[in-house]
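Okay, so here's the structure we're looking at.
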Amino acid sequence: RVAEGCANQIQSNYFWNQLWMVMVTMSTTGYGDMYPVTHAGRFVSIFAMVAGFLFTAIFTASATRAFDLNDNEAELVRIMSIEAMRCRLVIASARRIQVFVRIKSKRLKGE
11 RVAEGCANQI QSNYFWNQLW MVMVTMSTTG YGDMYPVTHA GRFVSIFAMV
61 AGFLFTAIFT ASATRAFDLN DNEAELVRIM SIEAMRCRLV IASARRIQVF
111 VRIKSKRLKG E
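Mapped onto our numbering, the consecutive letters of the sequence shown carry residue numbers 11 to 121.
So this is what it looks like as structure tokens:
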């Protein structure tokens, strides 16, 4: 508001217009419906852009870190994977034995 005061009366008279421009700039949307015309306003917009990038980067890094597994959780996932493989192996072995028994019983019956 201070930076654009005299040069851009239409957009700078209303505080919410200024807030809208800063939020659109920070979100890197850039609709183009409002833009600064003075050097001070452009500097504030550049600051808002950088702040938007930094906020997005910090938020993404924090969210990624929150979903990262610690050592105990990673070990548990590894153990669970091994157990799941063992279960699949037992089921596959049982199916092979069933097929073998069926083939053997058909041969004994003379089919």
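Glycine is no exception: its CB is placed at the ideal position from the N, C-alpha and C atoms. From a predicted model like this one, the values you see are computed outputs, not experimental measurements.
Counted within 10 angstroms of its Cβ, other Cβ atoms place residue i as buried (16 or more) or exposed
{"i": "M31", "result": "buried"}
{"i": "G51", "result": "buried"}
{"i": "S55", "result": "buried"}
{"i": "Q28", "result": "buried"}
{"i": "G120", "result": "exposed"}
Pair within 8 Å by beta-carbon distance, residue i and residue j
{"i": "T35", "j": "M59", "result": "yes"}
{"i": "S37", "j": "G62", "result": "yes"}
{"i": "V7", "j": "L79", "result": "Because the chain here runs from 11 to 121, residue 7 falls outside it and cannot be looked at."}
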